[in-house]
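Under this note's numbering, the letters of the sequence shown match residues 24 to 494, in that order.
Structure first, then comments.
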Amino acid sequence: MSDELFNGLHEEGVVNGVILLLKEKNSTIFNMYTTRSFSRKFTNKTLIVNSCDFGKFSNSRPLYPKERTKEISKKTIKIGYYVFEPYCIERLTFEVNNKLTGIEINLMNTITDKLNIKVNYIKSKMASGNVYSNGTLTNEFVSLHKKRLDMIIGGYVLSPARTIYFIQTCPFLKQKMVWCVPHQYIYPHSLNSNLLFLFSIVIVYTILIIILWVVDRKQRPTFRLYKNVSHLIINSWGILLGKPTVLLPKSNKLRYFIILMLLFAFEINIIITSKMTTSFIKAYRVEKYDSLKKIYDHNLTTYFAENTMQYFANRETDDGVSFETIIHKETVCSNQIQCLKNVAAGTAAFFLPDDRKNYLLQFLKENETSIYCSTFIDYVYVSGIMRKGFSFTRQFNKIIGELSSAGIIDHWKREMFMDQKKEESRRLEKLSIRDIQTALYILACGYIFSFIIFSVEIYFSCTGIYYTFIK
24 MSDELFNGLH
34 EEGVVNGVIL
44 LLKEKNSTIF
54 NMYTTRSFSR
64 KFTNKTLIVN
74 SCDFGKFSNS
84 RPLYPKERTK
94 EISKKTIKIG
104 YYVFEPYCIE
114 RLTFEVNNKL
124 TGIEINLMNT
134 ITDKLNIKVN
144 YIKSKMASGN
154 VYSNGTLTNE
164 FVSLHKKRLD
174 MIIGGYVLSP
184 ARTIYFIQTC
194 PFLKQKMVWC
204 VPHQYIYPHS
214 LNSNLLFLFS
224 IVIVYTILII
234 ILWVVDRKQR
244 PTFRLYKNVS
254 HLIINSWGIL
264 LGKPTVLLPK
274 SNKLRYFIIL
284 MLLFAFEINI
294 IITSKMTTSF
304 IKAYRVEKYD
314 SLKKIYDHNL
324 TTYFAENTMQ
334 YFANRETDDG
344 VSFETIIHKE
354 TVCSNQIQCL
364 KNVAAGTAAF
374 FLPDDRKNYL
384 LQFLKENETS
394 IYCSTFIDYV
404 YVSGIMRKGF
414 SFTRQFNKII
424 GELSSAGIID
434 HWKREMFMDQ
444 KKEESRRLEK
454 LSIRDIQTAL
464 YILACGYIFS
474 FIIFSVEIYF
484 SCTGIYYTFI
494 K
């Protein structure tokens with residue numbers, strides 16, 4: 024009876040299990056049966072691990088006997104991988120086989136080394152498949168279901184449909200899902216604040232001019248500084264622009280208000296200089312389309328990474344956009360670097376995992392500032408997917424839990440991005456004119472402006488107009 028029951032469980036992919044067979048006339052007496060799958064001696068044979076008579080067990084033997092590592096080490100498992108950076112990365116080398124790296128590749132290598140088993144990586148040559156709620160399997164999931172593969176990796180996330188037909192490892196990473204849209208440039212300060220600032224300057228300047236004119240008019244003719252209002256305005260503008268003046272006030276009241284004008288000019292120059300410096304140093308950019316509705320209203324090409332449409336499936340509408348509209352305008356991105364370039368060009372939006380976005384943007388330094396990515400889903404869990412009946416499910420989950428708790432997987436993630444930056448730093452490129460074009464324009468404008476001012480001063484000094492003008 025126990026053999027028949029275990030054979031049925033094995034056909035359904037259940038490896039570890041305990042069966043209790045009760046006596047027909049006395050349910051307090053029963054035997055406990057299990058299997059020892061990894062032992063050469065006991066493979067596919069049921070064992071009585073314990074028995075109970077009237078509430079008393081005959082021994083304290085464990086229900087699941089320890090596996091024999093001697094036989095395990097001879098086992099070779101087949102792991103299918105889908106290239107999905109930074110989890111599974113395939114780098115071209117001069118060798119016959121390309122170099123495999125990535126977070127999940129490192130994880131699988133560590134687990135198999137610790138279990139002393141061999142692994143055969145098989146690349147998925149088709150687009151990433153999926154498991155649908157109606158039981159339909161596609162691509163690599165078909166191979167996994169037919170036991171041509173023992174496990175698949177490549178940034179797969181937990182889902183109810185996959186849990187029904189397969190075994191998923193305990194999650195070892197969580198990542199955000201983001202919408203990447205074009206950036207738009209804005210001024211360092213809003214238009215209203217700039218207008219208010221300019222209006223305040225004009226008001227204060229006008230008040231000072233009126234006071235200076237009134238005070239100057241009340242002086243005796245010999246003590247007056249300004250011939251008329253235009254003379255006053257020109258000289259006051261000279262003070263604001265930092266031009267030295269030879270008109271010295273002869274009364275204390277005039278000296279007081281001239282000092283106020285100097286302080287006002289000093290403050291204005293500091294504020295304007297700080298605003299200009301801030302606008303050069305800090306880039307002010309915001310997302311051009313801050314909602315899903317705006318993305319579709321502006322008819323952008325909407326790219327989706329593999330298997331990301333599932334995040335919209337259970338929603339009738341999202342931000343005013345129906346699921347039918349999202350499916351109708353869906354464009355599966357085959358070249359994700361090119362898709363991000365299209366986003367930077369302002370013609371597309373891209374929905375993808377945050378980790379992959381960060382990895383790809385390392386290759387798009389010139390376009391990085393033109394792309395803005397906002398979080399759409401706070402986090403999803405990444406895990407490997409195993410076929411039912413896979414012999415090492417418990418061992419894999421145990422080691423994954425240990426590595427995750429120790430922070431090793433997060434360390435690999437940080438190291439993956441650091442290695443990429445080091446690799447980029449080794450590629451020495453010549454500095455081009457384009458890299459310093461803005462600085463050259465500013466420098467040229469400064470030289471031209473200085474030359475014009477210098478030429479005007481020489482001309483005025485030679486003709487005597489300057490001295491006539493300031494008297």
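Cβ atoms here follow ideal geometry from the backbone N, Cα and C, with glycine treated the same way.
So, using beta-carbon positions, are residue i and residue j closer together than 9 Å?
{"i": "Thr-398", "j": "Lys-199", "result": "yes"}
{"i": "Asn-143", "j": "Ile-100", "result": "yes"}
{"i": "Leu-196", "j": "Asp-377", "result": "no"}
{"i": "Glu-353", "j": "Ser-151", "result": "no"}
{"i": "Tyr-188", "j": "Gly-158", "result": "yes"}
{"i": "Trp-202", "j": "Ile-318", "result": "yes"}
{"i": "Thr-370", "j": "Thr-416", "result": "no"}
{"i": "Met-441", "j": "Ile-112", "result": "no"}
Under the rule that 16 or more other beta-carbon atoms within 10 Å means buried, what is residue i, buried or exposed?
{"i": "Lys-48", "result": "exposed"}
{"i": "Gln-359", "result": "buried"}
{"i": "Glu-425", "result": "exposed"}
{"i": "Ala-429", "result": "exposed"}
{"i": "Ala-368", "result": "exposed"}
{"i": "Ala-467", "result": "exposed"}
{"i": "Phe-246", "result": "exposed"}
{"i": "His-351", "result": "exposed"}
{"i": "Lys-148", "result": "exposed"}
{"i": "Thr-92", "result": "Annotation note: pLDDT 45 at Thr-92 (below 50); position unreliable, no value reported."}
{"i": "Tyr-482", "result": "exposed"}
{"i": "Thr-392", "result": "exposed"}
{"i": "Phe-472", "result": "exposed"}
{"i": "Leu-375", "result": "buried"}
{"i": "Lys-380", "result": "buried"}
What did DSSP end up calling residue i once you bin it into helix, strand or coil?
{"i": "Asp-320", "result": "helix"}
{"i": "Ile-190", "result": "strand"}
{"i": "Asp-401", "result": "strand"}
{"i": "Phe-164", "result": "helix"}
{"i": "Asp-26", "result": "helix"}
{"i": "Phe-80", "result": "strand"}
{"i": "Phe-386", "result": "coil"}
{"i": "Met-284", "result": "helix"}
{"i": "Glu-113", "result": "strand"}
{"i": "Val-227", "result": "helix"}
{"i": "Asn-331", "result": "Checking the sequence shown, residue 331 turns out to be Thr, not Asn. The answer is coil: DSSP assigns Thr-331 none of H, G, I, E or B."}
{"i": "Met-200", "result": "strand"}
Just how far apart, CA to CA, sit residue i and residue j?
{"i": "Ile-400", "j": "Leu-231", "result": "57 Å"}
{"i": "Cys-193", "j": "Ser-297", "result": "53 Å"}
{"i": "Ser-223", "j": "Arg-243", "result": "33 Å"}
{"i": "Lys-316", "j": "Tyr-395", "result": "17 Å"}
{"i": "Glu-27", "j": "Thr-124", "result": "44 Å"}
{"i": "Phe-220", "j": "Ile-226", "result": "10 Å"}
{"i": "Phe-346", "j": "Lys-137", "result": "46 Å"}
{"i": "Ile-423", "j": "Ile-126", "result": "12 Å"}
{"i": "Arg-114", "j": "Glu-108", "result": "11 Å"}
{"i": "Gly-469", "j": "Ala-372", "result": "40 Å"}
{"i": "Tyr-249", "j": "Glu-290", "result": "24 Å"}
{"i": "Ile-465", "j": "Gln-385", "result": "29 Å"}
{"i": "Pro-205", "j": "Leu-363", "result": "10 Å"}
{"i": "Ile-432", "j": "Thr-133", "result": "11 Å"}
{"i": "Asp-239", "j": "Ile-293", "result": "28 Å"}
{"i": "Arg-1", "j": "Asn-420", "result": "Here the chain comprises residues numbered 24 to 494, so residue 1 is not present and cannot be evaluated."}
{"i": "Gly-407", "j": "Ile-295", "result": "57 Å"}
{"i": "Asn-322", "j": "Ile-349", "result": "12 Å"}
{"i": "Tyr-155", "j": "Gln-361", "result": "29 Å"}
{"i": "Tyr-228", "j": "Ile-282", "result": "13 Å"}
Spatial neighbours of residue i within its chain, please: C-beta separation below 8 Å, excluding the five flanking residues on both sides.
{"i": "Lys-170", "result": "Arg-410 and Gly-412"}
{"i": "Leu-285", "result": "Ile-262"}
{"i": "Lys-453", "result": "In this prediction, Lys-453 scores a pLDDT of 49, lower than 50, which makes its location untrustworthy; no coordinate-derived value is stated."}
{"i": "His-168", "result": "Leu-160, Tyr-188, Phe-189 and Arg-410"}
{"i": "Trp-236", "result": "Tyr-249, Val-252 and Leu-255"}
{"i": "Leu-218", "result": "none"}
{"i": "Ile-474", "result": "Here the sequence assigns Phe to residue 474, which means Ile is not the residue at that position. Hits under 8 Å: none found."}
Could you pull out every residue in the same chain whose Cβ sits closer than 6 Å to the Cβ of residue i, ignoring the five residues on either side in sequence?
{"i": "Lys-46", "result": "Ile-52"}
{"i": "Ser-166", "result": "Leu-172"}
{"i": "Tyr-382", "result": "Glu-108 and Pro-109"}
{"i": "Lys-273", "result": "Phe-246"}
{"i": "Ser-74", "result": "Asn-54 and Ser-81"}
{"i": "Thr-135", "result": "Val-142"}
Would residue i count as contacting chain D if we go by Cβ distances under 9 Å?
{"i": "Thr-57", "result": "Protein chains in the displayed structure number just one, and chain D is not present."}
Apart from the five residues on each side of it in sequence, which residues of its chain come closer than 7 Å, Cβ to Cβ, to residue i?
{"i": "Asn-129", "result": "Trp-435"}
{"i": "Tyr-334", "result": "Met-200 and Ile-400"}
{"i": "Asn-365", "result": "Thr-324 and Ala-371"}
{"i": "Lys-276", "result": "Val-238"}
{"i": "Gln-418", "result": "Leu-138"}
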